[in-house]
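**Student:** Sharing a structure with you now.
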Amino acid sequence: MRITKGRYKIIKFVFWDVQHGSAAYIATPGGQHIVVDLGIGSYGDSDLEFSPLLHLKHKWGVSQLDAVIITHPHRDHLDDVFNFDALSPRFLRSPNHLSEEDVRAGNRTVDKDVINKYLEINKKYSYTQRENPFYANNNGGAQIRTFIPSSCVTSNLNNHSIVTVISHAGSKMIIPGDNETASWDELLERSDFVSSINDTDILVAPHHGRNAGFSSALFEHINPKLTIISDGRHCDTSATDRYAQKTQGWTVHKRSGGKEERKCVTTRNDGVIVVKFGENSYGKRFIEVTID
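Every position in the sequence shown, counted from 1, becomes a number in the numbering used here once 29 is added.
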């Protein structure tokens, strides 16, 4: 599925309203299908069992995923893992420096089945990786880079979350996991990470917008136009005001009509959030954001 607007191919991001968890879909200009995290549910449709993966397959005709990024092995980022095989992903990126012991110790016993499935696919894909789908040549010019913090103590799996940086047509987005201060501090010591995040336009708030994920140091390097928060309606999103203070503001469009200036959009209040980057027929880059 290639998406065009005028003469220029665009990249499309979909952030599902998956309750407390996280789940995003990326359709690249080169026709690649990439998923970041595997949360489930849909508050907007009152369907707590909604599967983004099966929706992609049965409603949008995506028969195979080119890549899946699992930021870290916690259940709210994994619940759709039992539908993973239905889309036969070609490539998996996960924090596979973590041992099975680390992963099990960092999760509840009641989540054993989900964790068992995660460990199964993680082991399988560590031996069967195919061509890396993140190269810009594979994605119509879109650049996708992943950064994995690894030096933090393993007792907190949040600080081993992958951070994905996507650039296309002069626009840029950061999609982290549940990164907290220690992992941000680790990554910000890396010159390649700092140069990668410069001029970020959209930030997906780490750790679902909680204070634990807010990094003042990160905002010494970025000044986003918009912050996206993925979280449920009855959960703690205590840092929303702090993100608003660090965000410039951007026009968002409503599917029902109209538009408004926003600094933060949230899946709990705004439903499914769709973002598109590209360049119009006059050569002017655009960022288009649509909410429910």
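Every residue, glycine too, gets a C-beta built ideally from N, C-alpha and C.
These numbers come from a predicted model, not from an experiment.
In angstroms with no decimal places, state the Cα-to-Cα distance between Val233 and Ser259.
**Tutor:** Straight-line Cα distance between these residues: approximately 8 Å.
**Student:** If we call anything under 8 Å between Cβ atoms a contact, is Arg322 one with Ser225?
**Tutor:** Residue 322 lies beyond the stretch modelled for the chain, which goes from 30 to 321, so this question has no answer here.
**Student:** Skipping 5 residues on each side, what residues in its chain have a beta carbon closer than 7 Å to that of Ala246?
**Tutor:** Within the same chain, Ala246 has close Cβ partners Trp213, Asp214, Leu217.
**Student:** Count the CB pairs spanning the stretch 227-242 and the stretch 199-214 that are closer than 8 Å, and state whether there are at least three.
**Tutor:** Yes: the two stretches touch, three or more of their Cβ pairs being nearer than 8 Å.
**Student:** Identify the continuous beta strand (DSSP E) that holds Gln48 and give its terminal residues.
**Tutor:** It is not in any beta strand (DSSP E) - Gln48 carries neither H nor E in the DSSP assignment.
**Student:** For Gln172, I'd like the list of residues in its chain whose CB is within less than 6 Å of its CB, leaving aside the five on either flank, ordered along the chain.
**Tutor:** Within the same chain, Gln172 has close Cβ partners Ala165, Ser196.
**Student:** On the DSSP letters alone, give me the boundaries of the beta strand (DSSP E) that Leu232 sits inside.
**Tutor:** Counting along the chain, the beta strand (DSSP E) containing Leu232 begins and ends at 231-233.
**Student:** Please classify Ser117 as buried or exposed, where buried requires at least 16 other C-beta atoms within 10 Å of its C-beta.
**Tutor:** Classification of Ser117: exposed, given that the 10 Å Cβ count is below 16.
**Student:** Let me confirm a value: Val301 is counted as buried when at least 16 other C-beta atoms fall within 10 Å, else exposed. Which label applies?
**Tutor:** Buried: at least 16 other Cβ atoms inside 10 Å.
**Student:** May I have a chain-ordered list of the alpha helix (DSSP H) segments no shorter than 4 residues that lie completely inside the stretch 210-293?
**Tutor:** Correct list: 210-216, 220-226, 269-274.
**Student:** Do you know offhand how far Asp299's Cα is from Ile203's?
**Tutor:** Straight-line Cα distance between these residues: approximately 20 Å.
**Student:** Check whether the Cβ of Ile231 lies closer than 8 Å to any Cβ atom in chain B.
**Tutor:** The structure shown has no chain B; it contains just one protein chain.
**Student:** CA-CA distance, Ile251 and Val132?
**Tutor:** Cα-Cα distance, rounded: 32 Å.
**Student:** Let me make sure I understand the geometry here. Which of Asn167, Ser80, Ile63 has the alpha-carbon closest to that of Val47?
**Tutor:** Considering only alpha carbons, the answer is Ser80.
**Student:** Considering only C-alpha positions, which residue in the set Leu77, Ser71, Phe113, Ile98 is nearest to Lys86?
**Tutor:** Out of Leu77, Ser71, Phe113, Ile98, Phe113 has the C-alpha closest to the C-alpha of Lys86.
**Student:** When DSSP labels each residue in this structure, what does Phe306 get in the three-state scheme?
**Tutor:** DSSP places Phe306 in strand when its eight states are reduced to three.
**Student:** Taking Val65 as the reference, which of Val281, Asn188, Arg122, Phe176 has the closest Cα?
**Tutor:** Looking at the Cα atoms, Arg122 is the closest of the given residues.
**Student:** Is Val132 helix, strand or coil by DSSP?
**Tutor:** Three-state DSSP puts Val132 in a helix.
**Student:** Could you spell out where the alpha helix (DSSP H) holding Lys86 opens and where it closes?
**Tutor:** It spans 81-87 - the alpha helix (DSSP H) in which Lys86 sits, taken as one unbroken run.
**Student:** So, with DSSP's three-state summary, where would you put Ile320?
**Tutor:** Three-state DSSP puts Ile320 in a strand.
**Student:** Using only the alpha-carbon positions, how far apart do Val303 and Leu148 sit?
**Tutor:** Distance between the alpha carbons of Val303 and Leu148: 31 Å.
**Student:** So, Ala96 versus Phe111, is the Cβ gap smaller than 8 Å?
**Tutor:** Cβ atoms of Ala96 and Phe111: not closer than 8 Å.
**Student:** Compute the Euclidean distance between the alpha carbons of Thr280 and Lys153, then round it to the nearest angstrom.
**Tutor:** Approximately 43 Å, taken between the alpha carbons.
**Student:** Is the number of C-beta pairs between the stretch 53-67 and the stretch 98-108 that are closer than 8 Å three or more?
**Tutor:** Taking 8 Å as the limit for Cβ pairs, the verdict is that the stretch 98-108 does touch the stretch 53-67.
**Student:** Give the secondary structure of Ser200 by DSSP, where H, G and I count as helix, E and B as strand, and everything else as coil.
**Tutor:** Strand.
**Student:** Distance check for Lys305 and Gly35, CA to CA, integer angstroms please.
**Tutor:** Here the model assigns Gly35 a pLDDT of 46, short of 50, so the residue's position is not dependable and the matter cannot be decided.
**Student:** Using CA atoms only, rank isn't needed, just tell me which of Gly199, Leu83, Ile150, Ser92 is closest to Phe315.
**Tutor:** Checked all of Gly199, Leu83, Ile150, Ser92; the closest Cα to Phe315 is Gly199.
**Student:** By how many angstroms is the C-alpha of Gly135 removed from the C-alpha of Ser285?
**Tutor:** Their backbone Cα atoms lie some 42 Å apart in a straight line.
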